[in-house]
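Chains as they are written, first to last, in the numbering used here: chain A, 15 to 289; chain B, 2 to 235; chain C, 268 to 515.
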């Protein structure tokens with residue numbers, strides 16, 4: 015009985031201690047709904063400590079697709095939204111969900127595909143032509159299919175290329191309904207083409223036989239915008255701290271920090287805030 | 002395969018290195034799941050035990066429902082808790098979405114049917130053997146349930162561990178309600194999902210091995226305890 | 268003993284009246300038309316062949332089963348939710364994964380005995396059945412005989428007015444059986460009515476004052492113990508004795 019009791023007591027003590035430990039001290043923080051590309055490219059890991067050092071405000075990033083990130087803002091579950099789909103952002107602001115939208119930076123998309131390049135697009139600078147060739151060759155193409163900013167951009171490029179997906183898509187066109195990373199994993203295992211943001215691609219490890227085939231088209235530029243969730247719609251939004259984050263991102267200091275983030279010597283994001 | 006070898010090396014490296022970030026992630030995982038298990042157990046065990054020792058109209062329906070809830074996908078639980086805790090939802094004013102508290106709630110709901118159903122089964126078997134004696138002594142449903150819970154306390158440890166295993170290893174619910182925020186709500190499973198997204202499969206699998214090692218260690222302790230007690234109590 | 272005076276302060280449970288009691292399950296009539304009154308004092312032994320309904324009769328008396336016809340009536344009925352004033356010992360001892368003492372205090376707790384008194388009362392009862400030295404041992408590793416003595420001590424400590432026993436020694440060797448019988452004698456000497464179901468006719472003769480004889484669900488004979496064994500009034504009892512004791 016003594017043994018039993020000691021074991022039970024030890025187990026209870028262990029579980030109780032674990033459960034009762036205080037959660038980390040509540041510091042000042044804001045919640046930022048952002049995209050998987052900014053999180054998975056490692057930009058936030060570089061940027062946010064500098065902001066927190068400067069202001070004492072912790073930034074809690076929830077990384078989602080652009081569509082979901084905007085929804086999170088709409089529900090009032092974030093203070094700031096930091097995404098990349100200009101059309102959707104403008105709608106978000108026009109509907110009164112966001113205020114004070116500002117340009118922050120851009121990166122660019124690239125078309126990644128197998129080195130064997132069945133659609134013969136390597137070296138092209140024209141995204142529309144490249145997509146036309148891929149569709150004509152019915153070469154495997156992986157789409158995010160998740161209403162993210164990248165997905166929205168991809169659909170725009172197909173339209174520019176004059177490819178009517180609704181009519182032409184077949185088994186070569188795979189909608190994965192997943193984030194950038196999982197889509198890259200899928201493309202890597204299928205040796206498929208896909209549209210990726212350069213940052214996530216550079217930070218991606220499981221490349222297999224994939225390489226950048228198309229880059230440098232001005233149309234491939236991918237601008238990011240930041241905005242405050244409208245405090246008039248959601249009174250609990252941390253207006254002052256959220257504004258502080260937006261101000262810092264677009265300040266010379268924040269912009270320099272963005273320009274300073276490099277992977278393998280290559281700059282991923284280019285500051286674009288208007289002075 | 003090469004990736005598995007790399008992952009094992011990565012796992013050993015992670016464990017041996019005692020990387021502060023990893024330790025924090027593991028600690029948060031254990032804490033969130035331990036808390037949810039305490040909460041879930043306190044509700045589910047009395048519930049399961051009472052369901053075993055009482056008989057009432059609709060009992061069979063209740064048991065079937067409970068067993069069906071075992072198959073509840075964690076994403077659905079996560080989504081329901083998300084809608085509940087979202088600022089736009091009924092409990093939004095507490096502002097606990099994207100915090101560990103939200104993850105505790107989701108996991109507690111997730112393990113509740115599991116613990117209740119397994120408890121009911123265990124108590125029900127014991128109840129067959131002891132029902133007449135307990136009624137002869139004058140024990141009502143509550144006293145019977147308590148007595149049998151205590152009588153089976155070491156089998157129940159296994160049930161609690163099964164619940165802990167489910168809680169600590171699920172990713173769908175905590176991803177949605179926690180948001181996988183670095184340093185705040187990132188736990189082992191969401192970290193694994195993130196590293197997989199980044200294509201860092203060895204690191205993801207390495208974290209998986211760490212998770213496995215922890216669950217394994219807990220089960221070994223529980224098993225040894227149970228054996229020792231069985232020798233003691235017969 | 269102390270318990271006797273405790274219970275005698277309240278209006279007595281006994282007599283127990285069975286009025287045309289029947290019990291059936293799944294369309295099968297197990298007991299029918301049982302009418303009898305059990306009074307304080309004597310030791311009643313219930314005899315009958317396998318399947319005659321002895322155990323069911325005991326459970327109906329003790330309230331573990333409800334009659335499907337007829338009535339089971341006590342002199343003063345027990346109040347539901349209040350501590351029980353009767354106890355039962357089963358063929359297979361039901362003990363919990365606690366110490367010997369823990370099994371005792373658990374039962375005393377359910378019976379509403381104050382926490383401060385439980386230990387002393389439990390130890391006193393264990394002393395009476397010779398298990399005091401094993402008080403701290405886990406109950407479920409005791410020998411079969413010790414386990415049954417523990418269930419008797421548990422029942423005894425509650426100070427019941429009536430003790431029902433359902434073949435308490437069926438699984439025990441002669442030595443352990445003797446010890447159990449001695450305890451039953453002592454409990455009876457303390458003022459508790461004994462109702463015993465047994466297959467052991469020697470035990471029936473040693474412990475019984477009167478016999479209720481069941482045959483295929485009916486009460487066919489009730490006689491003092493000596494008369495039952497020497498001059499049974501029913502043909503069924505005579506046949507039963509002839510089968511059980513062929514040298515008669």
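Where is the CB? At the ideal position from N, CA and C, for every residue including glycine. Here the structure is a predicted model, which means the values were calculated and not measured.
Closest by CA to residue 238 of chain A, which one among A:57, A:43 and A:70?
-> A:57
Bridge partners - residue 450 of chain C, DSSP secondary structure assignment | Residue 450 of chain C is not bridged to any residue.
Name the chain B residues whose beta carbon is nearer than 7 Å to that of residue 355 of chain C?
-> The contacting residues are 137.
From the DSSP output, read off the bridge partner residues of residue 121 of chain A.
-> A:236
For residue 440 of chain C, count neighbouring C-beta atoms within 10 Å of its own C-beta (all shown protein chains included) and say buried if the count is 16 or more, exposed if not.
-> exposed
Exposed or buried, what is residue 512 of chain C when buried is set at 16 or more other beta-carbons lying within 10 Å of its beta-carbon?
-> Flag for residue 512 of chain C reads exposed.
Along the chain, where does the alpha helix (DSSP H) that runs through residue 61 of chain A open and close?
-> 57 to 69
Exposure of residue 414 of chain C, with buried meaning 16 or more beta-carbon neighbours within 10 Å = Counting the other CB atoms within 10 Å of its CB gives residue 414 of chain C a total of 16 or more, which places it among the buried residues.
Does any C-beta atom of chain A lie closer than 7 Å to the C-beta of residue 210 of chain B?
-> no
Residue 113 of chain A to residue 160 of chain A, Cα distance in whole Å?
-> 25 Å
Burial state of residue 388 of chain C, where buried means 16 or more other Cβ atoms lie within 10 Å | buried
Amino acids of chain B, ordered along the chain, whose beta-carbon sits closer than 7 Å to that of residue 89 of chain A = 87, 88 and 89
Segment limits, alpha helix (DSSP H) that includes residue 171 of chain A | Looking at the DSSP string, the run of the alpha helix (DSSP H) that includes residue 171 of chain A is 163 to 174.
Spatial distance of residue 158 of chain A from residue 198 of chain B (CA atoms) = 13 Å
Closer than 8 Å, Cβ to any Cβ of chain A: which residues of the region 53 to 86 of chain B, in chain order?
-> none
Sequence ranges, alpha helix (DSSP H) only - wholly within the region 354 to 420 of chain C, length at least 4 | Entirely contained in the region 354 to 420 of chain C, the alpha helix (DSSP H) runs reaching 4 residues are, in chain order, 367 to 377 and 382 to 396.
Which residues mark the beginning and the end of the beta strand (DSSP E) in which residue 491 of chain C is found?
-> 485 to 491
Could you name the residues of the region 191 to 202 of chain B whose beta carbon sits closer than 8 Å to any beta carbon of chain A, in the order they occur along the chain?
-> 195, 197, 198, 199, 200, 201 and 202
Mind checking which residues open and close the beta strand (DSSP E) that includes residue 83 of chain B?
-> Where residue 83 of chain B is concerned, there is no enclosing beta strand (DSSP E), although the alpha helix (DSSP H) it sits in stretches over 75 to 86.
Cβ-based contacts, 9 Å cut-off: residues of the region 179 to 195 of chain A near chain B = Cβ contacts with chain B: 192, 193, 194 and 195.
Quick one: what's residue 461 of chain C bridged to in DSSP?
-> Residue 461 of chain C is bridged to C:310 and C:430.
Any idea what DSSP makes of residue 116 of chain A, helix, strand or coil?
-> strand
Using a Cβ cut-off of 7 Å (strictly closer), state whether residue 143 of chain B contacts chain A.
-> no
Is it true that the region 127 to 147 of chain A meets the region 159 to 177 of chain A, where meeting means three or more beta-carbon pairs spaced less than 8 Å apart?
-> yes
Could you list which residues in chain B have their beta carbon closer than 9 Å to that of residue 283 of chain C, in chain order?
-> None at all; the shortest Cβ gap to chain B is about 16 Å.
Validate contact between the region 335 to 346 of chain C and the region 474 to 484 of chain C using beta carbons, cut 8 Å, 3 pairs | Result no; under three Cβ-Cβ pairs closer than 8 Å.
Tell me residue 275 of chain A's beta-bridge partners as DSSP assigns them.
-> None, per the DSSP bridge assignment.
Run the CB neighbour count on residue 428 of chain C, radius 10 Å, all protein chains shown included, and call it buried at 16 or more, exposed below.
-> buried
Using a beta-carbon distance below 7 Å, is residue 224 of chain B in contact with chain C?
-> It does not; no Cβ of chain C falls within 7 Å.
Thinking just about the alpha-carbon of each residue, which of B:24, B:226 and B:173 is nearest to the one in residue 162 of chain B?
-> B:226
For residue 295 of chain C, the first and last residue of its enclosing beta strand (DSSP E) | 295 to 305
Mind checking which residues open and close the alpha helix (DSSP H) that includes residue 198 of chain B?
-> It spans 189 to 198 - the alpha helix (DSSP H) in which residue 198 of chain B sits, taken as one unbroken run.
What is the DSSP secondary structure of residue 346 of chain C, counted as helix, strand or coil?
-> coil
CA-to-CA distance, residue 295 of chain C to residue 319 of chain C, given in whole angstroms = 13 Å
Backbone secondary structure at residue 141 of chain B - three-state DSSP | Coil, per DSSP.
So, using beta-carbon positions, are residue 40 of chain B and residue 178 of chain B closer together than 7 Å?
-> no
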